[in-house]
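Residue numbers (our numbering), protein chains in the order written: chain A, 96 to 356; chain B, 69 to 397.
Ideal Cβ placement from N, Cα and C applies to all residues, glycine included.
Nothing here was measured: the structure is a model prediction, and the numbers come from that model.
This report concerns only the one structure given below.
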Amino acid sequence: MSAESAVGAVPMVEARAVCKHYAGVEVLKGVDLVVNRGEVTCLIGPSGSGKSTLLRCINHLEKHDAGELLVDGQLVGYEARDGKLYERSDKQICVERSRIGMVFQRFNLFQHLTVLDNVTIGQVKVKNVSPDAAVTRARELLARVGLDAKEKNYPSQLSGGQQQRVAIARALAMEPKLMLFDEPTSALDPELVGEVLDVMKDLARSGMTMIVVTHEMGFAREVADTVYFLDRGIIEESGDPRKVLTAPSSERLKSFLSKVL
Amino acid sequence: MKVVPVRHTGRWIAGAVMVVIVAMLVHTLFSKVATGQTSCHTVSGVRSCHPVVNWRFSWNIVFHYFTSSEILHGLVLTIELTILAMLIGIVLGITIAIMRLSPNRLLSSTAWSYTWFFRGTPVYVQLLFWFNISAIYQSLSIGIPFLHVTFLHIDAVSLFTPFRAALIGLGLNEGAYMSEIARSGLIAVDEGQFEAASSLGMTRGQTLRLVVLPQAMRVIIPPTGNEVISMLKTTSLASAISVVEVLGAAQNIYAANYEVMPLLITASIWYLIITTVLSIGQFYLERHFARGAQRTPPPTPIARLRTDVKGIVAKFRTPRPAMTREVVA
Ligand SMILES: Nc1ncnc2c1ncn2[C@@H]1O[C@H](COP(=O)(O)OP(=O)(O)OP(=O)(O)O)[C@@H](O)[C@H]1O
Ligand SMILES: [Mg+2]
């Protein structure tokens with residue numbers, strides 16, 4: 096087996112029995128999940144089931160307590176060397192994070208910066224890209240999400256859908272190998288959901304590896320390669336969306352789908 | 069149908085009362101009083117006498133000293149003390165606020181104790197303390213405790229000049245108040261901003277410097293403006309530790325000529341002038357840091373004046389459209 100095909104075979108994200116608890120409350124109770132390169136994975140489940148927590152563990156905004164979590168074949172937060180696990184320094188963790196894009200339910204654009212500056216700041220300050228190159232790339236990305244005309248505006252002057260598209264451009268500017276979306280359309284008015292989903296579909300077509308926490312079952316059915324149903328901290332059911340979403344086997348998923356659809 | 073506007077009778081009465089009060093104030097400010105002396109002149113052989121009168125507020129003396137070199141020197145010292153003490157206070161305050169919010173318990177409790185101590189004792193006492201510090205520390209040395217290793221050695225009396233004692237006292241005290249202001253600003257920034265910055269790969273320092281502090285500024289600036297104005301006046305306490313700032317200069321002059329009231333007025337007018345200048349500066353600073361927070365920034369006073377004038381001109385130029393409505397039969 097050549098080195099290249101070995102890399103190709105390593106999944107982008109692999110979770111084995113990942114656990115996480117907050118002050119006595121067990122939020123993740125042994126989650127197993129595999130996300131292959133270039134695939135779109137949708138994570139569905141009721142409120143409080145631990146979907147956000149799982150995403151936050153993947154980009155190390157939270158530290159999991161037990162189990163193994165690998166991103167791009169590397170243990171999150173640790174480095175395996177000479178048969179030992181070395182905890183990574185804050186600096187190394189920042190570098191890891193910069194390669195994983197995250198899009199939040201409440202957009203979280205930097206309110207004091209213009210749209211253009213929101214998309215350039217990470218490139219310039221974290222990736223040390225020259226300001227000119229950063230602006231060029233930012234303009235390309237803003238054009239891609241259909242917001243090139245808004246680069247001088249502040250986030251508060253944009254609609255929710257526009258803000259979320261800027262947030263996607265901001266994350267893409269870091270040239271991520273993986274994109275995490277935490278309910279990207281839940282805070283939007285119904286008529287604005289489509290424009291954000293369209294950008295995400297376009298991104299999926301371009302071959303980006305994506306994990307999407309969503310309540311948009313139509314999107315999951317159309318775009319996802321795999322759907323995971325997370326309930327009370329464990330994966331209850333997973334597989335092809337056409338099967339999982341149309342003919343669920345577990346009772347919990349049946350009742351969840353009947354509420355969401 | 070014709071629209072009849074509401075009559076605001078109450079507002080007219082209140083306005084009239086205010087006009088009378090203001091008129092009385094202006095009158096007494098510029099009234100004259102007899103000094104009890106008479107002065108006599110002989111004009112073309114006719115001798116005439118009349119009582120000598122003076123401004124009640126001795127405006128002639130006020131303005132005689134207003135730009136005297138002692139007062140102006142004092143003024144420079146007042147401004148220097150205000151600016152430097154505020155700079156110390158702001159830098160210290162932001163540092164302490166960041167320490168206070170640190171997950172490190174040692175840092176946060178140190179920061180808490182600092183604020184507790186410096187807010188809990190009067191600033192006047194603190195000034196006297198720094199002024200007299202040489203009584204307990206004859207000299208200051210920097211070195212390693214218990215090992216008799218010294219890198220630097222300074223004589224306390226030459227280090228703590230009255231000006232420096234005042235600066236340190238005011239600055240350290242201000243740091244405690246500024247830390248509370250900075251802390252409320254940092255807390256006001258949404259948690260999501262930290263998360264977004266971290267997810268881009270920013271370090272904690274970058275997140276604070278590039279994302280959180282600039283947004284906290286919007287909350288921090290207005291009370292800091294008040295602190296500057298308050299500091300301007302607090303610097304007058306430095307006169308008690310023989311710093312000849314503007315009040316100290318006024319005191320020195322009236323100690324010699326007994327014109328107490330006019331010189332206090334001279335100092336007060338200077339304080340009012342600087343306060344006014346600072347308030348104008350504060351307005352523009354607030355406007356600058358509000359960017360992004362409001363969809364449209366508030367107009368500057370000049371812009372507002374311009375629109376007001378335009379409105380009035382427009383009102384006179386075009387006849388007011390009659391507020392009538394067609395009554396459909
Ligand atoms: N920092 C925290 N401290 C304590 N408990 C937390 C913390 N963060 C999350 N939790 C708890 O963990 C559980 C899972 O939270 P999580 O945000 O992952 O759920 P979720 O599936 O994303 O739900 P939602 O659909 O509402 O976003 C919840 O019960 C929540 O109260
Ligand atoms: Mg969530």
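- Within chain A, no C-beta atom comes less than 8 Å from the C-beta of B:M154; the nearest is roughly 23 Å away.
- Those residues of the region 192–207 of chain A placed with their C-beta closer than 7 Å to a C-beta in chain B are R192, S193, M197, F199, R201, N203, F205, Q206, H207, ordered along the chain.
- Within the model, the alpha-carbon separation for A:R132 versus A:R316 is close to 19 Å.
- At a cut-off of 8 Å, the C-beta of A:G217 has a neighbouring C-beta in chain B.
- Assigned with DSSP and collapsed to three states, A:R132 falls in coil, not helix or strand.
- Counting the other Cβ atoms within 10 Å of the Cβ of A:V318 gives 16 or more, which makes it buried.
- Between the region 209–229 of chain B and the region 169–187 of chain B there are fewer than three inter-stretch CB-CB distances shorter than 8 Å, so the stretches are not counted as touching.
- By the criterion of at least three beta-carbon pairs nearer than 8 Å, the region 126–138 of chain B is not in contact with the region 296–307 of chain B.
- Residue side-chain check: A:K146 places its Cβ nearer than 7 Å to a non-hydrogen atom of ligand 2.
- Beta bridge pairing from DSSP links B:V111 with B:V114.
- If you look at A:T321, you'll find it in the beta strand (DSSP E) that goes 321–326.
- Within the region 264–283 of chain B, the residues whose Cβ lies closer than 8 Å to some Cβ of chain A are A264, A265, S266, S267, L268, G269, M270, T271, R272, Q274, L278, V279, P282, Q283, listed in chain order.
- Scanning B:P330, B:R286, B:G104, B:A317 for the CA closest to the CA of B:S137 turns up B:A317.
- What A:D185 touches in chain B, judged by beta-carbon distance under 7 Å, is T271, going in chain order.
- Contact residues of the region 105–133 of chain A toward chain B are absent (C-beta to C-beta distance below 7 Å).
- Counted as a single uninterrupted DSSP element, the beta strand (DSSP E) harbouring A:E331 occupies residues 329–334.
- Between B:G253 and chain A, the shortest Cβ-Cβ separation is not below 8 Å.
- Excluding sequence positions up to five before and after B:M285, its CB lies within less than 6 Å of the CB of F357, all in the same chain and listed in chain order.
- At a cut-off of 8 Å between beta carbons, A:N154 contacts chain B.
- Less than 8 Å separates the beta-carbon of B:E242 from that of B:M154.
- Inter-segment contact for the region 166–181 of chain A and the region 91–103 of chain B is absent: fewer than three beta-carbon pairs are separated by less than 8 Å.
- Here A:H159 carries a coil assignment [DSSP, helix/strand/coil].
- A:V322 is not a Cβ neighbour of A:L298, given a cutoff of 8 Å.
- In chain B, no part has a C-beta under 9 Å from the C-beta of A:V261; the shortest such distance is about 11 Å.
- Scanning A:V219, A:A262, A:Q218 for the CA closest to the CA of A:Q200 turns up A:A262.
- Inter-segment contact for the region 262–280 of chain A and the region 302–317 of chain A is present: three or more beta-carbon pairs are separated by less than 8 Å.
- The beta carbon of A:L150 lies closer than 6 Å to those of L275, D277 in the same chain, with the five residues before and after it left out.
- Taking a cut-off of 8 Å on C-beta distances, the region 180–193 of chain A does not touch the region 103–122 of chain A, as fewer than three cross pairs fall below it.
- Within its own chain, the residues whose Cβ lies closer than 8 Å to the Cβ of A:L352, once the five positions on either side in sequence are excluded, are M312, L340, P343, listed in chain order.
- One alpha carbon belongs to A:M107, the other to A:T280, and they sit about 24 Å apart.
- In the displayed model, A:V318 falls within a helix according to three-state DSSP.
- Beta bridge pairing from DSSP links A:M303 with no other residue.
- At a threshold of 7 Å, A:E278 counts as near ligand 2, since its beta carbon sits closer than that to one of the ligand's heavy atoms.
- B:G260 reaches chain A at F199, R201, N203, counting residues in chain order whose Cβ is nearer than 7 Å.
- Straight-line measurement puts the Cα of A:I330 at about 39 Å from the Cα of B:L278.
- Counting along the chain, B:I288 sits inside the alpha helix (DSSP H) bounded by residues 281–302.
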